[in-house]
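Have a look at the structure below, then the notes.
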Amino acid sequence: MIWQIDVIILVMVIIIAIGVISIKNLLSVGILFGAYSFMMCLLWAIMGAVDVAFTEASVGAGVSTVFLIAAIFRTSRGSKD
Amino acid sequence: MDNYLFFIVSKFNYWGVMILIMIGIYAIISKQNLIKKIIGMNIFQTAIILFYISIGSKKNASIPILHHLNEHTQKINPDDFVNPLPHVLMLTAIVVSVATLGVALSLAIKIYQQFGTLEENIINNKIAADNNRQSVIDRL
Amino acid sequence: MSEHYPVLIVIIPFIFALIVAFAGFIKPRLCCFLTISALILSLYSSIILLFQVFKTGCIEYRLSGWSPPWGICYNIDYLNSIIIVVVMIVGLMCAISSQKAVNRDLDQKKGAFYALFLLFITGLTGILATGDLFNLYVLLEITSISGYALIGTGNNKAAFASLKYLFMGTIGASFYLLGIGYLYISTGSLNMADIAAIIPELQQSKTIMFAFIFCMTGLFIKMGMFPMHGWLPNAYSDSHSATSTLVASLTTKVMLYVMIRLILNVFLPDYSFSKLNIDNIMVWFATVVIICGSFLALSQKNLKYMLSYIIITEVGYIAGGFWLGNRLGMTGAILHILNDALMTMCLFLSSANFIYVLKNDSFKNFKDIFLKMPFSAAGFVIGGASIIGVPPTCGFFSKWYLLSAAQEAGHYEFFSALIFSSLICCILFFRIIEQGFFSEDDHENNVTKFNEAPVSMIIPLGITVLLLIAAGIYSGDIITNFIDHAIPDIIT
Amino acid sequence: MKIIGIITILLSGSIMIYSTLDFPEWGDPLSPANTHLSVYYIENSMPDTSVPNIVTAILADYRSYDTMFETTVIFAAGLACFLLLRNFRKKKKEYSLYRHIPTGVTLKIKNSADLADDTKLFQRIDSTWVPFDLVTRTASGLIVPFIQIFALYVIAHGHHSPGGGFQGGVIFGAAFILFAISYSLRESLKIISEKTAVILSCVGVMIYAGTGLLCLLFGSNFLNYGSLAQILFTDPVSARSLAILFVEIGVGLAVAGVMIWLYYNISSSGKYNQGL
Amino acid sequence: MDFFVILLMLLGALFFTGGSIGIIRFPDFFTRLHPAGKLDTMGLLFTMASCSLYNVNDFNLNNFLVSLKIIFIVAFIFITSPTATHAIADAGLRAGLVPWTKKR
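Protein chains in written order, with my numbering: chain S, 1 to 81; chain C, 1001 to 1140; chain E, 2001 to 2492; chain Y, 3001 to 3276; chain F, 4001 to 4104.
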């Protein structure tokens, strides 16, 4: 647990989160949300929660991104805000 | 100066959690697109998971896996291992969040099949127009 | 085997849900039969549990054999054993009543529908029985997810209503989880009894106060208190009538139970009432809820919308009565949870019958309803009388307790709000009854035929009406044998 | 709406940041959360269950009841998705599409009732844009078996390293999802049909619940694995370890089945004719 | 030993940096895929090699197995990363992106 790395990644997570909710192309949102999940997973791995990080890496960055992209593919790709 | 640094180091993780929660709630309240709202909901849930993991962390501790061979004989010092209980709880919470995501996405697809759009204000307008037509029919 | 009943009430519907989901793909005709038999079995075990509690007092069941602060335990006591019985009765009646409508509308997805139905009951029973805060969250999510799916199968607006419910429900559940996190960070425990033992030492702590605030915010969103009620009316009235009966009569009541549970057994009444000093604010808040809910109900044109707003006022009754803080008020609140589940079920069952025959629930269609569907209309009238508070039915007794508690505590605003909303309910129901009895035109050229709903939908309604009256007559027994023991002695 | 959102989050955000001031500092080993319950778990999980990974020990033994319902949550999500989206009505198409594999030319054939779906040269497809890429197919065909083996390793090795039933199940499901993306939904439905996925998930949850019921039959409390020592012919501690493995396999099956099922439903919006 | 570890790590970092600069500086979609696909794979190879070398610093069976797993990761990256790049480029071509030429 090194708090400097933790701060850097936490700031990156927040920046990515703001990006996720402000981008208009939903497909990019899906990909960026995968990146968000992966950053979150790194943060947890730093804090020693290896099981949770593993789960988030397989669920958040893997399967739920696929679901999100599948749903965007079946609906519409643009967003107004 | 050192005092302030100490204060910030001891709290910044929780502040990050609160900022993420606020981002999630902001997305749910003020974004019109339903997929955006779903993502905001997910950010909210992951922020709470981060909160729990921050509770369980310890300085100078290793991951909560014991060594199989030599640990039978010697005494285990609890301070050497990260608190495992929040990890267990948050495994469950991650599962819940992915389940909620699946249900929300399938509802969004169903809404798109019925209304042809995912923008909330347009859907509200369509529903209002439908209700108006219904009440006109009722009056006749 | 007799010591395993506390877990059987949860496990029987759960196992049967798996079997039903399995059977839905192989032999869909069996689904309904399996569901009803599962509910009968668990109703039987819950009644046995009720008698065990009556004889021996509280029962603690240790799941996976670990002692409470480390493992998960179930606590069956005077408060929840009786609510479990009511939940099982409501589930059974809804299952019997729903089979025709489900056969008609959801032919090939019957297995999934009934499996989610049983999982919903499983979650509710687990919430009622559990003694562990995090276990409560998991079961809450099971209830919510199956509830979203059940509500989503309705008319074409149902999916949108369900998605709104999902957003609000997830925010509520996450706030509850955040509250538990605050409790965990300051006490280090998740077991209700363990936390209750630690909290008196930490009364000055800000963290505990915020834990209380976040838990209550989450639960208020989940139970549809007035400013956060936006999801409730659409979700209940757009959904399929087979599911709205179940979801509407149970969700809010169980959330109210969780609130009562947290205050009585986790934060302790001493902390919640005298330390935080928010009971006056909460009673005023409940008063506002009741009045606004009544006015909103008055402005609706559809039966199910009107009933949904009545549910919001009932939430105000129970929350306000509980926050009065005296013994009479708590008795009235807990009794009203039981009665309101039955009353709401009665009204929604009869509205389901109307919708099954009329295909619409606008007030315009209720002409000559007493000639067309005499039994359903009679059930509706008795349910309405119970909501208003007419003596032989059970609604009267709980309302009486609430009124005398308000008078004793000196909260005359709450007192007058109760009277006022009863009057509004009178207007609401007599408007429909008038529409049904005295329709001015078209008597000659439009001969109304007897067109009643099927027998399988009438019988549950009849049983519910009988239960309403029985609960009214035996309310004294319920109070002396169960509710009196449930309220701690320090509250006078 | 934006202004309301900003006002709400500023108000509640300041309240929330104010609420953190009373917290014990981050990473403090002496905070109540780190000294009350967790000490017991760290010290006793090895003698009680002989599982070195403390998280697995708590997840599948001390709080196994939570985990059972966690599996149920994901199962309920699968059921919910099916109930909401599945569309059994099949649209009558008057033509069907075939692709000549060596050249990539798409043929549109009317009255194709007596043609086989797949031959060596021709392949049935659902719409004209379904891509065909030899490189992707070969590479994913090479990777998928390794992913599956890794998933089994994660499930079986959950006692000693991070991992367990849930992660393994997700990876197993993800392997199939990769297959379904790189080939097509039609070909993945040939390998695991909808019915198989559902039965897989039902059986998985049933294994978990059945283990608990077996404990009831042997006279102890629900999910108390110690009593299974009578049929596993070991001492109670090893019986717990074995039963945890058994339960993890159930979770893995259930999660893998549900993931595949969810993917089928979401990617084809319930019609099962064409995937991503 | 330490010298090699540091050298390999620096080499990997160099490749990663080059890849990142390339993604920013190149003009269009297909040319950006080139640094993203190639240099990341190469950088990963060097960093992973240095990790596995560092891990076998005190040699025993357990550490050797861990190093072997790291080598396996590199092998799988070598299969998947070019495939992914190929699939993305293919999708871009199908979607109708026109490659950049100097004249315009």
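Cβ coordinates follow ideal geometry from the N, Cα and C atoms, glycine included.
{"Asked": "Count the CB pairs spanning the region 3236-3247 of chain Y and the region 1078-1087 of chain C that are closer than 8 Å, and state whether there are at least three.", "Found": "no"}
{"Asked": "If distances are taken between C-alpha atoms only, which option among C:Trp1015, C:Tyr1112 and C:Ser1135 comes closest to Lys2157 of chain E?", "Found": "C:Tyr1112"}
{"Asked": "Along the chain, which unbroken stretches of the alpha helix (DSSP H) at least 4 residues long are found entirely within the region 2442-2478 of chain E?", "Found": "2455-2473 and 2475-2478"}
{"Asked": "Report the rounded CA-to-CA distance for Phe3233 of chain Y versus Thr3049 of chain Y, giving the unit in angstroms.", "Found": "16 Å"}
{"Asked": "Can you say whether Tyr1014 of chain C is buried or exposed, counting buried as having 16 or more other CB atoms within 10 angstroms of its CB?", "Found": "buried"}
{"Asked": "Which residues mark the beginning and the end of the alpha helix (DSSP H) in which Glu3248 of chain Y is found?", "Found": "Pro3236 to Ser3267"}
{"Asked": "Under 9 Å between beta-carbons, which chain C residues line up against Tyr2148 of chain E? List them in chain order, please.", "Found": "Thr1100, Val1103, Ala1104 and Leu1107"}
{"Asked": "How about Lys1126 of chain C: is its C-beta nearer than 8 Å to some C-beta of chain Y?", "Found": "no"}
{"Asked": "Classify Pro3162 of chain Y as buried or exposed, calling it buried when 16 or more other Cβ atoms lie within 10 Å of its own Cβ.", "Found": "buried"}
{"Asked": "Is Ile3143 of chain Y close to chain F, meaning its C-beta is less than 8 Å from at least one C-beta of that chain?", "Found": "yes"}
{"Asked": "Taking the straight line between their C-alpha atoms, what separation do you get for His4086 of chain F and Ile3192 of chain Y?", "Found": "28 Å"}
{"Asked": "Along the chain, where does the beta strand (DSSP E) containing Asn2075 of chain E start, and where does it finish?", "Found": "Cys2073 to Ile2076"}
{"Asked": "Look at the Cβ atom of Val3073 of chain Y, then the Cβ atom of Val1017 of chain C, and state whether they are nearer than 8 Å.", "Found": "no"}
{"Asked": "Give the single residue among Y:Pro3131, Y:Ile3015, Y:His3159 and Y:Ile3171 whose Cα lies nearest to the Cα of Phe3150 of chain Y.", "Found": "Y:Ile3171"}
{"Asked": "Could you give the DSSP three-state label for Phe1081 of chain C: helix, strand or coil?", "Found": "strand"}
{"Asked": "I'd like the span of the beta strand (DSSP E) that includes Thr3106 of chain Y, first residue to last.", "Found": "Val3105 to Lys3110"}
{"Asked": "Sorted by chain position, which residues of the same chain lie with C-beta nearer than 7 Å to His3100 of chain Y's C-beta, five sequence neighbours on each side aside?", "Found": "Leu3107, Leu3121 and Phe3122"}
{"Asked": "Give me whichever residues DSSP pairs with Thr2130 of chain E in a beta bridge.", "Found": "E:Tyr2074"}
{"Asked": "Strictly below 8 Å CB to CB, what residues from chain C border Ile69 of chain S?", "Found": "Under the 8 Å cutoff, chain C gives no residues; its nearest Cβ is about 10 Å from Ile69 of chain S."}
{"Asked": "Taking Cβ positions, are Ile4079 of chain F and Leu3142 of chain Y nearer each other than 8 Å?", "Found": "yes"}
{"Asked": "So which residues on chain Y does Ser1010 of chain C lean against when the C-beta distance must stay under 7 Å?", "Found": "Glu3025 and Trp3026"}
{"Asked": "Which chain C residues are close to Lys2157 of chain E, counting only those with a beta carbon under 7 Å from its beta carbon?", "Found": "Ile1127"}
{"Asked": "Compute the Euclidean distance between the alpha carbons of Pro2392 of chain E and Leu2468 of chain E, then round it to the nearest angstrom.", "Found": "9 Å"}
{"Asked": "Mind checking the region 2051-2070 of chain E against chain Y and listing, in chain order, the residues whose C-beta falls within less than 9 Å of any C-beta there?", "Found": "Tyr2061, Arg2062, Leu2063, Ser2064, Gly2065, Trp2066, Pro2069 and Trp2070"}
{"Asked": "Hey, is Ser58 of chain S's beta-carbon within less than 8 Å of any beta-carbon in chain Y?", "Found": "yes"}
{"Asked": "Could you round the C-beta distance between Asn2481 of chain E and Cys2394 of chain E to whole angstroms and report it? I think they count as a contact, below 8 Å.", "Found": "Contact flag wrong, Cβ pair sits at about 16 Å."}
{"Asked": "Return yes when the Cβ of Val3144 of chain Y is within less than 8 Å of the Cβ of Leu3178 of chain Y, no when it is not.", "Found": "yes"}
{"Asked": "Mind checking who Gln2108 of chain E pairs with in its DSSP beta bridge?", "Found": "DSSP lists no partner for Gln2108 of chain E."}
{"Asked": "Which whole-angstrom value is the C-beta distance of Ile3260 of chain Y and Ala3197 of chain Y, which I expect to be below 8 Å?", "Found": "5 Å"}
{"Asked": "Leaving out five residues on either side along the sequence, give the residues of the same chain with a beta carbon under 8 Å from the beta carbon of Arg3137 of chain Y.", "Found": "Ser3182 and Tyr3183"}
{"Asked": "Less than 8 Å between the beta carbons of Ala3076 of chain Y and Ala1104 of chain C, yes or no?", "Found": "no"}
{"Asked": "Using the Cβ count rule (16 or more neighbours within 10 Å means buried), how would you classify Ile2221 of chain E?", "Found": "buried"}
{"Asked": "Going by the CB atoms, is the gap between Leu3216 of chain Y and His2004 of chain E shorter than 8 Å?", "Found": "yes"}
{"Asked": "Can you tell which of C:Ile1122, C:Ser1054, C:Ile1035 and C:His1067 has its C-alpha closest to the C-alpha of Val1009 of chain C?", "Found": "C:Ser1054"}
{"Asked": "Given a cut-off of 8 Å, decide if Ser2475 of chain E and Leu2335 of chain E are closer than it, judged by their beta-carbon atoms.", "Found": "yes"}
{"Asked": "Along chain S, in chain order, which residues have C-beta atoms closer than 9 Å to that of Tyr3263 of chain Y?", "Found": "Val63, Val66, Phe67 and Ala70"}
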